[in-house]
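*Asks:* Following our numbering, the residues of the sequence shown are numbered contiguously, the last one being 450. The beta-carbon is built from N, C-alpha and C at its ideal position, and this holds for glycine as well. On a predicted model such as this, the values are computed, not experimentally measured, just so you know.
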Amino acid sequence: MNRVSVDLAGNGYDILVEPGALNSVAEQIEPYLHNDRIFLITDANVAARWLEPLQADLQKSGIKVISKILAAGEQTKSWAVLEQLTDWLLEEGAERSDTLVALGGGVIGDLTGFAASILKRGCHFIQIPTSLLAQVDSSVGGKTAINSRAGKNLIGRFNQPKFVLIDPLVLDTLSDRELRAGYAEVVKYGLINNAPFFEWCDENSTALLNRDPDALSYAIIQSVQAKAGIVAEDEKELSGRRALLNLGHTFGHALEAETGYSSELVHGEAVAAGMALAFHYSVRRGHCGEADARRVEQHLKNAGLPHGLKSAAVKASGKQLVQHMLHDKKMASGNLPFLLAAGIGQSFLANDVDLGDVATFLDQAG
């Protein structure tokens with residue numbers, strides 16, 4: 085058993101990373117419940133594999149399960165589905181003492197966490213992430229949100245879960261594409277501030293992507309520990325420290341927006357392309373050596389991930405992509421901070437980036 089604590093004053097919680105933990109889900113989550121029932125929210129894909137056995141285990145332990153199955157996909161993170169979900173919870177008599185359980189990937193976790201934060205001014209929630217991306221990123225840190233016409237995750241709030249239960253074995257049923265997309269968020273932690281972990285990824289990515297259980301467990305624990313440490317220092321992105329977690333996201337979110345937040349380019353793929361672009365833009369500005377940028381690009385390519393505009397199949401102009409960036413949540417007083425790098429494991433926040441220059445760079449990169 086491996087437990088990681090997110091050390092937050094008044095909002096701290098544990099993350100359990102344990103292969104096979106979903107086989108004893110009742111035992112794991114019962115200490116965090118305030119009554120004998122849960123509202124379990126999942127999507128159709130996850131429900132087909134996991135809902136029945138989880139319900140059986142929970143009900144055998146005397147925990148009543150009231151479940152809601154939503155459509156799978158990014159379109160579920162919307163005002164319309166949030167309204168449907170909260171209306172359903174109220175119709176089912178949900179109370180502030182109740183616990184919502186998010187069983188699924190980042191979409192379900194974000195939506196459920198946001199619903200929990202606003203339902204009757206706040207009730208409890210637990211994360212059970214079932215994708216690699218959710219296990220190493222979105223289930224940890226308390227960011228919850230839905231998308232709007234203006235962009236991704238622009239409507240939301242910080243709402244920390246009471247507990248996060250991670251079972252690496254659920255990834256056996258994840259598609260190869262989604263596993264690779266989640267891997268982009270794993271290698272991100274090495275590129276941010278942990279060059280030795282990037283070296284580990286360089287040596288072990290093949291084993292991880294082949295679903296070696298030891299490689300997966302190690303990568304998940306390292307990623308969760310890294311994120312927990314950063315979140316503990318800067319829970320709500322007030323000091324700028326937590327912004328390091330957004331490496332690749334400013335470019336990546338623009339790519340996602342250009343492709344309509346569709347399956348054409350999923351989040352992890354966009355982040356991968358965004359990280360490669362961030363390193364190459366860092367070279368353009370004189371912060372980073374060309375060799376490091378090329379190494380990052382080659383690593384992502386070897387992992388089967390997009391590593392630039394062409395491999396992401398995005399043909400928009402630099403001006404079009406920069407227009408998407410203007411809706412970025414980090415925009416303040418007309419300025420958009422960028423995560424750049426002085427090298428592998430040496431990321432930093434730059435507040436003096438000229439978006440006109442970014443547009444020119446993207447035109448040349450395309």
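Which two residues bound the contiguous alpha helix (DSSP H) that contains residue 334?
*Replies:* Working through the sequence shown from its first residue, we reach residue 334 at position 250. Element bounds for residue 334: 333-342.
*Asks:* Three-state secondary structure (DSSP) at residue 95?
*Replies:* As a working note, residue 95 is residue 11 in the sequence shown. If DSSP states are grouped into helix, strand and coil, residue 95 belongs with coil.
*Asks:* Bridge partners of residue 425, per DSSP?
*Replies:* Indexing the sequence shown from 1 puts residue 425 at position 341. In the DSSP output, where bridge partners are listed per residue, residue 425 has 431.
*Asks:* Any contact between the segment 96-107 and the segment 239-256? By contact I mean 3 or more CB pairs, one from each, below 8 Å.
*Replies:* As far as the Cβ criterion goes, the segment 96-107 touches the segment 239-256, which means the pair count is three or higher.
*Asks:* Quick check on the DSSP output: the alpha helix (DSSP H) that includes residue 402 runs from which residue to which?
*Replies:* Numbered from its first residue, the sequence shown carries residue 402 at position 318. From DSSP, the alpha helix (DSSP H) with residue 402 extends over 402-409.
*Asks:* Which partner residues of residue 457 appear in the DSSP bridge assignment?
*Replies:* Residue 457 is absent from the structure shown; the chain starts at 85 and stops at 450.
*Asks:* Should residue 326 go down as buried or exposed, given a rule of 16 or more other Cβ atoms within 10 Å for buried?
*Replies:* Stepping through the sequence shown from its first residue, residue 326 is reached at position 242. Residue 326 should be labelled buried.
*Asks:* Does the distance from the C-beta atom of residue 360 to that of residue 391 stay below 8 Å?
*Replies:* Numbered from its first residue, the sequence shown carries residue 360 at position 276. Numbered from its first residue, the sequence shown carries residue 391 at position 307. Yes, they are a contact pair.
*Asks:* Per DSSP, what kind of secondary structure is residue 147 in: helix, strand or coil?
*Replies:* Mapped onto the sequence shown, residue 147 falls at position 63. Of the three classes helix, strand and coil, the one that applies to residue 147 here is coil, per DSSP.
*Asks:* Taking the straight line between their C-alpha atoms, what separation do you get for residue 404 and residue 280?
*Replies:* Sequence index remark: in the sequence shown, residue 404 carries index 320 (1-based). Sequence index remark: in the sequence shown, residue 280 carries index 196 (1-based). If I take the Cα positions, the gap works out to 37 Å.
*Asks:* Does the segment 287-303 come into contact with the segment 137-155, if we say contact requires no fewer than three beta-carbon pairs (one atom in each stretch) closer than 8 Å?
*Replies:* The segment 287-303 vs the segment 137-155: no contact.
*Asks:* Could you work out which residue in 208, 158 and 190 is closest to residue 180 when comparing CA atoms only?
*Replies:* Taking the first residue of the sequence shown as 1, we reach residue 180 at position 96. Nearest option by C-alpha distance: 208.
*Asks:* Quick check: the segment 88-97 against the segment 154-169, are at least 3 beta-carbon pairs closer than 8 Å?
*Replies:* Counting Cβ pairs under 8 Å, fewer than three are found: no touch.
*Asks:* Using only the alpha-carbon positions, how far apart do residue 189 and residue 195 sit?
*Replies:* As a position in the sequence shown, residue 189 is number 105, starting the count at 1. As a position in the sequence shown, residue 195 is number 111, starting the count at 1. If I take the Cα positions, the gap works out to 10 Å.
*Asks:* Is residue 339 closer than 8 Å to residue 271 when the C-beta atoms are compared?
*Replies:* Along the sequence shown, one-based indexing puts residue 271 at 187. Along the sequence shown, one-based indexing puts residue 339 at 255. No. Outside cutoff.
*Asks:* May I have the straight-line CA-CA distance separating residue 292 from residue 267, to the nearest angstrom?
*Replies:* Here residue 292 refers to the residue found at position 208 of the sequence shown. Here residue 267 refers to the residue found at position 183 of the sequence shown. About 9 Å.
*Asks:* When the Cα of residue 414 is compared with those of 375, 441 and 337, which residue comes out closest?
*Replies:* Your numbering for residue 414 matches position 330 in the sequence shown. When only C-alpha atoms are compared, the closest one is 337.
*Asks:* Keeping to the same chain, check which residues put their C-beta closer than 6 Å to that of residue 366; ignore five residues upstream and five downstream.
*Replies:* Position 282 of the sequence shown, counted from the first residue, corresponds to residue 366. Cβ within range, chain order: 372, 424 and 425.
*Asks:* In the DSSP assignment, find the unbroken alpha helix (DSSP H) run with residue 194 in it and report its ends.
*Replies:* The residue labelled residue 194 in the question sits at position 110 within the sequence shown. Where residue 194 is concerned, the enclosing alpha helix (DSSP H) stretches over 190-202.
*Asks:* In angstroms with no decimal places, state the Cα-to-Cα distance between residue 436 and residue 172.
*Replies:* As a first step, residue 436 is located in the sequence shown; it is residue number 352 there, counting from the start. As a first step, residue 172 is located in the sequence shown; it is residue number 88 there, counting from the start. Their Cα atoms are separated by approximately 46 Å.
*Asks:* What do you reckon, are the CB atoms on residue 356 and residue 384 nearer than 8 Å?
*Replies:* Taking the first residue of the sequence shown as position 1, residue 356 is located at position 272. Taking the first residue of the sequence shown as position 1, residue 384 is located at position 300. Yes, the pair counts as a contact, with Cβ atoms nearer than the cut-off.
*Asks:* Using the beta-carbon count (16 or more within 10 Å), is residue 231 buried or exposed?
*Replies:* Position 147 of the sequence shown, counting from 1, holds the residue named residue 231. Buried, by the Cβ-count rule.
*Asks:* Suppose you measure from the CA of residue 176 to the CA of residue 131; what does that come to, to the nearest Å?
*Replies:* Mapped onto the sequence shown, residue 176 falls at position 92. Mapped onto the sequence shown, residue 131 falls at position 47. Whole-angstrom Cα-Cα distance: 20 Å.
*Asks:* Just the Cα atoms here: how many angstroms apart are residue 170 and residue 430?
*Replies:* Stepping through the sequence shown from its first residue, residue 170 is reached at position 86. Stepping through the sequence shown from its first residue, residue 430 is reached at position 346. Between residue 170 and residue 430, the C-alpha separation is close to 42 Å.
*Asks:* Nearest to residue 350 by alpha carbon, out of 442, 263 and 306?
*Replies:* One-based indexing of the sequence shown puts residue 350 at position 266. Among 442, 263 and 306, the Cα nearest to that of residue 350 is on 263.
*Asks:* Measure the alpha-carbon distance for residue 204 versus residue 393 and round it to whole angstroms.
*Replies:* Locating residue 204 in the sequence shown gives position 120, where the first residue counts as 1. Locating residue 393 in the sequence shown gives position 309, where the first residue counts as 1. Between residue 204 and residue 393, the C-alpha separation is close to 44 Å.
*Asks:* Does residue 396 come out as helix, strand or coil in the three-state DSSP assignment?
*Replies:* For the purposes of this step, residue 396 is taken as the residue at position 312 of the sequence shown. Three-state DSSP puts residue 396 in coil, outside helix and strand.
*Asks:* What's the C-alpha gap between residue 364 and residue 322?
*Replies:* Residue numbering aside, residue 364 sits at position 280 when the sequence shown is read from its first letter. Residue numbering aside, residue 322 sits at position 238 when the sequence shown is read from its first letter. Cα to Cα, the separation comes out at about 28 Å.
*Asks:* Rounded C-beta distance between residue 200 and residue 237? I'm assuming under 8 Å.
*Replies:* Within the sequence shown, numbered from 1, the residue matching residue 200 stands at position 116. Within the sequence shown, numbered from 1, the residue matching residue 237 stands at position 153. Going by Cβ atoms, the distance from residue 200 to residue 237 rounds to 16 Å, so no, they are not a contact pair.
*Asks:* Closer than 7 Å by C-beta to residue 112: which residues in its own chain qualify, once you throw out the five before and the five after it? Chain order, please.
*Replies:* Taking the sequence shown and counting its residues from 1, one reaches residue 112 at position 28. These residues qualify, in order along the chain: 100, 105 and 249.
*Asks:* Any idea which residues DSSP pairs residue 416 with across the strands?
*Replies:* Taking the first residue of the sequence shown as 1, we reach residue 416 at position 332. Paired residues: 419.
*Asks:* If you draw a straight line from the C-alpha of residue 220 to the C-alpha of residue 370, how long is it?
*Replies:* Along the sequence shown, one-based indexing puts residue 220 at 136. Along the sequence shown, one-based indexing puts residue 370 at 286. Whole-angstrom Cα-Cα distance: 31 Å.
*Asks:* Just the C-alpha distance for residue 317 and residue 374, rounded to the nearest angstrom, thanks.
*Replies:* Numbered from its first residue, the sequence shown carries residue 317 at position 233. Numbered from its first residue, the sequence shown carries residue 374 at position 290. Those two C-alpha atoms are separated by around 32 Å.
*Asks:* For the beta strand (DSSP E) holding residue 27, just list the boundary residues, first then last.
*Replies:* There is simply no residue 27 to check, as the chain begins at 85 and stops at 450 in what is shown.
*Asks:* Any chance the CB of residue 420 is under 7 Å from a heavy atom of the ligand PLP?
*Replies:* Here there are no bound small molecules, and the ligand PLP is not part of this structure.
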